[in-house]
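Sequences listed follow chains Z and C, in order.
Each step along the first sequence adds one to the number in the working numbering, with nothing skipped, and position 224 is 224.
In short: position in the second sequence from 1, add 1000, done, that's the working numbering.
Worksheet for the structure shown next.
There are 2 protein chains.
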Amino acid sequence: MAQNQVSTLKKGLLVLELVKQCQGITLAEVMKELQLSKSTAFRLLTTLEDMNYIYKIQTQYFSGPKLFQESTENRSAKDWAALHSIYQVAQNLQMGTYLGKVDGTDLVMTQVLHAPFQHSADEEMGNRSKLHLSALGKVILAQLDEGKLNALLDKMSLEPATANTFQDTQLFRYHLKAIHQDGYAFDDEERNVGIRCVAVPVFRNKEVIAALAIAAPAKQISKSNIKQIATKLNVGSKAVTKELEVLDGN
Amino acid sequence: MAQNQVSTLKKGLLVLELVKQCQGITLAEVMKELQLSKSTAFRLLTTLEDMNYIYKIQTQYFSGPKLFQESTENRSAKDWAALHSIYQVAQNLQMGTYLGKVDGTDLVMTQVLHAPFQHSADEEMGNRSKLHLSALGKVILAQLDEGKLNALLDKMSLEPATANTFQDTQLFRYHLKAIHQDGYAFDDEERNVGIRCVAVPVFRNKEVIAALAIAAPAKQISKSNIKQIATKLNVGSKAVTKELEVLDGN
DNA sequence: CTGTGAAGTTTCAAATAATGAAACTCGCTT
DNA sequence: AAGCGAGTTTCATTATTTGAAACTTCACAG
């Protein structure tokens, strides 16, 4: 019996799971399957029935619709816009928050949150840019292994967007190394004048799968608080990873 | 506290339902909402989390995917083919079992079961016939109120299918009155030579909504056992009604 | 650095609830 | 009528739950 578990609740949930697995099950079968006395099985089943988790037709119990009702949160696994962890980051930092993934040689926004951080910014989701042009894209590139990075750089033609952008692949690789070392990427008004951005990688099974970033007016992000912001982003990144694992049933 | 309920299980399920309703909830909020001590709330939440019903991201709990996983039975509310009660009737009587509904002036088969009564007979489902030509259709007509019956009969042209069928509406109405009185309709090889059929109505909110029937070789259905079969069908009919109510969240 | 408060976790005696053997009820079959 | 199986209830014993309080950890402010 693991610590801090309520064994009676656990028992009841095991009964529920058994009923859910079966195309109908009788009281006697529940007794036998879970080694319960008749009256215990009866009471557990009755409680589940009274609370509408199961129903009974003649001698058999079946799982009821309550198990399949959607919660207030409407989502499926791997729906990035539904991840609670991203909302938590946004609310914690009180800055625009972004999650982006790789699609070919592009960075695609899969979640964008602006104040009051309750709903996705639908009009910005799906926005694309070349990987090397944003902090999100660069922090992902910085975490790729040599082979994958080479393959991606081969596919990309580096084009300058602003005077601050790197034109030479070799210099770009050094830049990525620095980002890798820092653990975050910093965008200093390179994409939008007056806006700064900090991005960190999101990992899954030791591989980078996405990037998590905040963006805010330049006066909110200074040399003195970048490290702090990056630390909080990393906490959020780990929470995203965990949430994905849970939602995938790992 | 109602009888035969396990209060600890109930408490745990109330916690689960609260978590499911909220876009994230903290231990403190659960305590407050359900008037539980800190350690009790903690243990209930921990048990639910350990069994994968909920998950925790930093200080907040969210409902997990386990609640939405489909059970072995794949179905939605009002999917007639998914009703367990019909399977129970078939297995009890060990005869071909049918459920039919009204569509316009037709009787449509919405579930058909043959031995070994594990799967729907898909090729027969959706089969249509005129209401007056089958025991299922007739038992439905027999339970309609005068106005609805008149409206339906007006829309229908009665055509003989076999020599045993009624050609005259007046006689047909008497026939329906007899069926109403009996509480079941009996098809004596009128549709298929060698096959007999017994059908009863299925009610919902005091209105006939469908018909439930069995069909078998003539030697399995005799004058002496019709009443018995009809009684069992009526039990099944009530079980169908109940199951529909449960699935509709009544 | 210290102190504070909040969240998380654990302890343990008292209180409460769960348990299960057995009795009872009901319906069906022989 | 008796027997059987399913469903329901009883009640003394046992096990579990409960909650106050202690402890731990963390973040933040001064």
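Note that beta-carbon positions come from the ideal geometry of N, C-alpha and C, so glycine has one too.
(request) Quickly, what does DSSP pair residue 1209(C) with across the bridge? List them, please. (result) To locate residue 1209(C), count along the second sequence from 1; it is residue 209. Looking at the DSSP assignment, residue 1209(C) forms no beta bridge with any residue, so it has no partner.
(request) Starting from residue 1173(C), follow the alpha helix (DSSP H) in both directions and report where the run begins and ends. (result) Within the second sequence, numbered from 1, the residue matching residue 1173(C) stands at position 173. Element bounds for residue 1173(C): 1169–1182.
(request) Mind checking which residues open and close the beta strand (DSSP E) that includes residue 1199(C)? (result) Here residue 1199(C) refers to the residue found at position 199 of the second sequence. Looking at the DSSP string, the run of the beta strand (DSSP E) that includes residue 1199(C) is 1195–1204.
(request) Using a Cβ-Cβ cut-off of 8 Å, state whether residue 1110(C) counts as contacting chain Z. (result) Taking the second sequence and counting its residues from 1, one reaches residue 1110(C) at position 110. So no, residue 1110(C) is outside the interface.
(message) Looking only at its chain, what residues have a beta carbon closer than 7 Å to the beta carbon of residue 1204(C), apart from the 5 residues adjacent to it on each side?
(response) On the second sequence, position 204 is the one that residue 1204(C) refers to. Contacts found: 1241, 1244.
(request) Under 7 Å Cβ to Cβ from residue 1047(C), same chain only, skipping five residues before and after it: list those, please. (result) Position 47 of the second sequence holds residue 1047(C). Cβ neighbours of residue 1047(C) beyond the five flanking positions: 1012.
(message) Can you tell me whether residue 134(Z) is helix, strand or coil according to DSSP?
(response) Numbered from its first residue, the first sequence carries residue 134(Z) at position 134. Coil.
(request) Please report how far the alpha carbon of residue 1168(C) lies from the alpha carbon of residue 1206(C), in whole angstroms. (result) Numbered from its first residue, the second sequence carries residue 1168(C) at position 168. Numbered from its first residue, the second sequence carries residue 1206(C) at position 206. If you take the alpha carbons of residue 1168(C) and residue 1206(C), they lie about 29 Å apart.
(request) Could you name the residues of the same chain whose beta carbon sits closer than 6 Å to that of residue 1096(C), not counting the 5 residues immediately before and after it, in chain order? (result) Taking the second sequence and counting its residues from 1, one reaches residue 1096(C) at position 96. Excluding sequence neighbours, residue 1096(C) sits near 1114, 1215.
(request) Please classify residue 191(Z): does DSSP put it in a helix, a strand, or coil? (result) Walking along the first sequence from the start, residue 191(Z) turns up at place 191. Reduced to three states, the DSSP call for residue 191(Z) is coil.
(request) Would you mind giving the Cβ-Cβ distance between residue 198(Z) and residue 229(Z), rounded to the nearest angstrom? I have them listed as a contact below 8 Å. (result) The sequence position of residue 198(Z) within the first sequence is 198, counting from 1. The sequence position of residue 229(Z) within the first sequence is 229, counting from 1. So it is a contact: roughly 5 Å between Cβ atoms.
(request) Specify, as a first and last residue, the run of the alpha helix (DSSP H) that residue 1056(C) falls within. (result) Reading the second sequence from its first residue, position 56 is the one you call residue 1056(C). Run containing residue 1056(C): none in the alpha helix (DSSP H); it sits in the beta strand (DSSP E), 1054–1057.
(request) Could you tell me which residues DSSP puts in a beta bridge with residue 1109(C)? (result) Along the second sequence, read from residue 1 onward, the residue named residue 1109(C) stands at position 109. Residue 1109(C) pairs with 1100(C).
(request) Use the C-beta contact count for residue 63(Z): other C-beta atoms within 10 angstroms, 16 or more gives buried, fewer gives exposed. (result) Here residue 63(Z) is taken as the residue at index 63 of the first sequence, counted from 1. Residue 63(Z) comes out buried.
(request) Helix, strand or coil for residue 1025(C), going by three-state DSSP, please let me know. (result) The residue you call residue 1025(C) lines up with position 25 of the second sequence. Strand at residue 1025(C).
(message) If you reduce the DSSP assignment to three classes, tell me which class residue 1076(C) lands in.
(response) As a position in the second sequence, residue 1076(C) is number 76, starting the count at 1. Note that residue 1076(C) scores 45 on pLDDT, short of 50, meaning its location in the model is unreliable; the coordinates nonetheless yield the value given after this. Note: residue 1076(C) maps to coil in three-state DSSP.
(request) State the start and end residues of the unbroken beta strand (DSSP E) segment that holds residue 35(Z). (result) Position 35 of the first sequence, counted from the first residue, corresponds to residue 35(Z). Looking at the DSSP string, residue 35(Z) is not in any beta strand (DSSP E), and its letter there is neither H nor E.
(message) Can you give me the C-alpha to C-alpha distance between residue 111(Z) and residue 185(Z), rounded to a whole angstrom?
(response) The sequence position of residue 111(Z) within the first sequence is 111, counting from 1. The sequence position of residue 185(Z) within the first sequence is 185, counting from 1. Approximately 18 Å, taken between the alpha carbons.
(message) How far does the beta strand (DSSP E) with residue 1063(C) in it extend, from its first residue to its last?
(response) As a position in the second sequence, residue 1063(C) is number 63, starting the count at 1. Per DSSP, residue 1063(C) belongs to the beta strand (DSSP E) from 1060–1063.
(message) Please state the DSSP three-state secondary structure of residue 262(Z).
(response) Here chain Z has residues from 1 to 250 only, and residue 262(Z) is not among them.
(message) So the candidates are 1045(C), 1099(C), 1020(C), 1026(C); which of them puts its Cα closest to the Cα of residue 1008(C)?
(response) Here residue 1008(C) refers to the residue found at position 8 of the second sequence. Minimum Cα distance to residue 1008(C) is reached at 1045(C).
(request) Please state if the CB of residue 1135(C) and the CB of residue 1187(C) are separated by a distance shorter than 8 Å. (result) Taking the second sequence and counting its residues from 1, the one referred to as residue 1187(C) is at position 187. Taking the second sequence and counting its residues from 1, the one referred to as residue 1135(C) is at position 135. It is a contact, given that the beta carbons lie within the stated cut-off.
(message) Does chain Z have any CB closer than 8 Å to the CB of residue 1085(C)?
(response) Residue mapping note: residue 1085(C) aligns to position 85 of the second sequence, counting from 1. So, interface residue.
(message) Distance check for residue 56(Z) and residue 1116(C), CA to CA, integer angstroms please.
(response) Stepping through the second sequence from its first residue, residue 1116(C) is reached at position 116. Stepping through the first sequence from its first residue, residue 56(Z) is reached at position 56. Straight-line Cα distance between these residues: approximately 22 Å.
(message) Closer than 8 Å between beta carbons: that is the criterion. Which residues of the region 1094–1109 of chain C meet it against chain Z?
(response) none
(message) To be precise: take each residue of the region 1028–1059 of chain C, compare its Cβ to all Cβ atoms of chain Z, and keep it if any distance is under 8 Å. Which residues remain?
(response) 1042, 1043, 1044, 1046, 1047, 1048, 1050, 1051, 1052, 1053, 1055, 1057, 1058
(message) Helix, strand or coil for residue 1120(C)? Go by DSSP, reduced to three states.
(response) Sequence index remark: in the second sequence, residue 1120(C) carries index 120 (1-based). Strand.
(message) So, at 7 Å on beta carbons, what are the nonlocal neighbours of residue 1026(C) in its own chain, with the 5 sequence-adjacent residues on each side left out?
(response) Along the second sequence, read from residue 1 onward, the residue named residue 1026(C) stands at position 26. Cβ neighbours of residue 1026(C) beyond the five flanking positions: 1059, 1060.
(message) Could you tell me the alpha carbon to alpha carbon distance between residue 122(Z) and residue 52(Z), rounded to whole angstroms?
(response) For this step, residue 122(Z) is matched to residue 122 along the first sequence. For this step, residue 52(Z) is matched to residue 52 along the first sequence. Spanning the two alpha carbons is a distance of roughly 37 Å.
(request) Look at the alpha carbon of residue 1195(C) and the alpha carbon of residue 22(Z), and state the distance between them as a whole number of angstroms. (result) What you label residue 1195(C) is simply residue 195 of the second sequence in a count that begins at 1. What you label residue 22(Z) is simply residue 22 of the first sequence in a count that begins at 1. Their Cα atoms are separated by approximately 34 Å.
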